[in-house]
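Protein chains in written order, with this note's numbering: chain A, 41 to 371; chain B, 651 to 704.
All residues carry an ideal CB built from backbone N, CA and C; glycine is no exception.
And the structure:
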């Protein structure tokens with residue numbers, strides 16, 4: 041789906057913002073779509089690389105059905121090739137022999153079997169098995185399950201609009217806020233479209249949106265980028281949008297870098313709060329007080345978290361049960 | 651620690667399948683047995699109709 045045929049048997053894929061022009065017999069940048077005689081085929085439909093019943097907090101989504109489990113699946117490959125990818129074993133490879141298939145009907149069965157309240161397409165970029173996630177999302181909604189994309193945000197507006205009616209949450213990375221950073225991290229030339237699509241997810245489709253920035257020492261830990269991210273979130277997604285700033289661990293091609301000091305994350309927390317964001321969270325620092333949700337109005341803790349262990353103590357729907365302030369929760 | 655990182659890919663359920671020679675796509679096709687029990691279908695005695703064993 042979402043491609044156009046061009047003279048000479050070429051096609052242009054419109055699933056992600058690379059908008060690959062693909063010659064006959066060739067693959068897109070994701071290496072999961074192939075042009076066979078002028079028709080674009082998905083090679084990884086239902087091909088699962090990873091699958092687990094995860095806490096929704098692991099995505100991370102903190103304001104979306106807190107304390108529930110999301111049946112979480114990833115496939116092979118990715119349209120980004122980030123140098124610090126923590127899931128590079130599945131994102132930087134082709135489909136291996138022996139890969140398992142899981143058809144959407146079975147995915148729903150397993151979601152229920154493992155007592156999950158919804159499905160998250162996660163671990164690598166969901167749009168690279170777009171047709172599968174679309175079929176699955178439709179079935180999930182028929183079965184009263186929530187649906188989540190954990191995404192780098194590089195989907196096209198057309199792709200978003202195609203799956204929009206069946207998608208509840210857009211957990212998007214804003215990895216940095218500079219051309220040079222995105223180019224250096226993942227060779228992405230035009231990253232601003234990520235912002236446009238995130239805003240569209242919220243405004244057009246009323247999706248619940250949370251933003252993640254993995255703080256990589258020397259790469260995106262400068263004041264300017266972080267301030268710009270926080271300000272952009274505030275102005276475009278709203279001050280109640282959760283911003284997760286997560287600790288980087290040296291992996292893949294970034295093993296020469298050190299893990300993010302907790303003091304750096306605490307500094308980013310302050311940048312976010314100073315910019316006006318009401319909910320800034322630290323990630324990959326289990327037990328830190330900034331994992332909790334504190335009501336910005338009355339100062340009481342409404343959700344306690346330690347790692348992925350979650351205790352909701354002060355919510356009344358989406359509001360603080362102590363003072364009634366709106367806290368932007370979906371439950 | 652690494653396995654517990656945010657959004658770290660985990661394969662727990664997939665590994666269970668492999669270990670028990672489960673063929674995922676037959677869950678939906680075969681469904682539970684007459685008692686509503688999936689175990690026979692998932693981990694049961696016979697081989698699947700297509701002969702794949704994962």
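Using C-beta distances below 6 Å, list every residue in its chain close to residue i, excluding the 5 sequence neighbours before and after it, in chain order.
{"i": "residue 181 of chain A", "result": "206"}
{"i": "residue 248 of chain A", "result": "104, 209 and 370"}
{"i": "residue 372 of chain A", "result": "Summary: the structure shown does not reach residue 372 of chain A, with chain A confined to residues 41 through 371, and so no result is reported for it."}
{"i": "residue 62 of chain A", "result": "51, 68 and 75"}
{"i": "residue 57 of chain A", "result": "194, 196 and 233"}
{"i": "residue 120 of chain A", "result": "192 and 226"}
{"i": "residue 148 of chain A", "result": "179 and 183"}
{"i": "residue 348 of chain A", "result": "95, 97 and 98"}
With a CB to CB cut of under 8 Å and the five nearest residues on each side skipped, what residues in its chain are close to residue i?
{"i": "residue 304 of chain A", "result": "255, 257 and 261"}
{"i": "residue 325 of chain A", "result": "287, 302, 305 and 331"}
{"i": "residue 346 of chain A", "result": "326, 327 and 331"}
{"i": "residue 177 of chain A", "result": "159, 187, 203, 206 and 207"}
{"i": "residue 155 of chain A", "result": "93 and 109"}
{"i": "residue 102 of chain A", "result": "250, 282, 284, 319, 321, 333, 343 and 345"}
{"i": "residue 277 of chain A", "result": "238, 239, 242, 249 and 251"}
{"i": "residue 134 of chain A", "result": "71, 116 and 117"}
{"i": "residue 54 of chain A", "result": "42, 43, 44, 196, 198 and 199"}
{"i": "residue 351 of chain A", "result": "107, 343, 344 and 345"}
Taking 8 Å as the threshold (beta carbon to beta carbon), is residue i in contact with chain B?
{"i": "residue 100 of chain A", "result": "yes"}
{"i": "residue 286 of chain A", "result": "yes"}
{"i": "residue 190 of chain A", "result": "yes"}
{"i": "residue 296 of chain A", "result": "no"}
{"i": "residue 162 of chain A", "result": "yes"}
{"i": "residue 324 of chain A", "result": "yes"}
{"i": "residue 347 of chain A", "result": "yes"}
Identify the continuous beta strand (DSSP E) that holds residue i and give its terminal residues.
{"i": "residue 52 of chain A", "result": "51-53"}
{"i": "residue 249 of chain A", "result": "248-255"}
{"i": "residue 111 of chain A", "result": "109-114"}
{"i": "residue 82 of chain A", "result": "79-82"}
{"i": "residue 76 of chain A", "result": "73-76"}
{"i": "residue 194 of chain A", "result": "Here residue 194 of chain A belongs to no beta strand (DSSP E), and DSSP marks it neither H nor E."}
{"i": "residue 206 of chain A", "result": "Per DSSP, residue 206 of chain A belongs to no beta strand (DSSP E) and is neither H nor E."}
With 8 Å set as the bound, which would you pick, yes or no: does the beta-carbon of residue i sit closer than that to a beta-carbon of chain A?
{"i": "residue 690 of chain B", "result": "Residue confidence is low: residue 690 of chain B scores 40 on pLDDT, short of 50, so the model does not pin down where it sits. No coordinate-derived value is stated."}
What residue range is occupied by the uninterrupted alpha helix (DSSP H) comprising residue i?
{"i": "residue 128 of chain A", "result": "128-131"}
{"i": "residue 151 of chain A", "result": "144-153"}
{"i": "residue 210 of chain A", "result": "Looking at the DSSP string, residue 210 of chain A is not in any alpha helix (DSSP H); the run it does join, the beta strand (DSSP E), is 209-213."}
{"i": "residue 322 of chain A", "result": "Per DSSP, residue 322 of chain A belongs to no alpha helix (DSSP H); it is in the beta strand (DSSP E), 320-323."}
{"i": "residue 329 of chain A", "result": "Run containing residue 329 of chain A: none; DSSP gives neither H nor E here."}
{"i": "residue 245 of chain A", "result": "Neither: residue 245 of chain A is in no alpha helix (DSSP H) and is coded neither H nor E."}
{"i": "residue 176 of chain A", "result": "170-182"}
{"i": "residue 303 of chain A", "result": "302-314"}
Report back the beta-carbon spacing between residue i and residue j to the nearest angstrom; my notes put them in contact at under 8 Å.
{"i": "residue 355 of chain A", "j": "residue 342 of chain A", "result": "5 Å"}
{"i": "residue 50 of chain A", "j": "residue 60 of chain A", "result": "That belief does not hold up - the Cβ atoms of residue 50 of chain A and residue 60 of chain A are roughly 10 Å apart, past 8 Å."}
{"i": "residue 269 of chain A", "j": "residue 320 of chain A", "result": "In fact, because the Cβ distance is near 11 Å, the residues do not count as touching under 8 Å."}
{"i": "residue 344 of chain A", "j": "residue 353 of chain A", "result": "6 Å"}
{"i": "residue 124 of chain A", "j": "residue 163 of chain A", "result": "Rounded, the Cβ-Cβ distance is 15 Å, inconsistent with contact."}
Enumerate in chain order the residues of its own chain whose CB-to-CB distance from residue i is below 7 Å, with the five nearest sequence positions on each side excluded.
{"i": "residue 337 of chain A", "result": "360, 363 and 365"}
{"i": "residue 273 of chain A", "result": "251, 281, 283 and 317"}
{"i": "residue 314 of chain A", "result": "none"}
{"i": "residue 122 of chain A", "result": "225 and 226"}
{"i": "residue 237 of chain A", "result": "193, 195, 197 and 200"}
{"i": "residue 266 of chain A", "result": "308 and 311"}
{"i": "residue 45 of chain A", "result": "51 and 78"}
{"i": "residue 86 of chain A", "result": "141, 142, 143 and 172"}
With a threshold of 7 Å, establish whether the CB of residue i neighbours any heavy atom of the ligand SAH.
{"i": "residue 87 of chain A", "result": "Of the ligands one can find in the structure shown there are none, so the ligand SAH has no counterpart to examine."}
Against chain B, which members of the stretch 81-95 of chain A pass a CB distance test of less than 8 Å?
The residues in question are 86, 88, 89, 90, 91, 92, 93 and 94.
Select from the stretch 106-139 of chain A all residues with a C-beta closer than 7 Å to any C-beta belonging to chain B, and list them in chain order.
Cβ contacts with chain B: 114, 126, 127 and 130.
Of all the residues that make up the stretch 261-291 of chain A, which are near chain B by a beta-carbon distance shorter than 7 Å?
286 and 289
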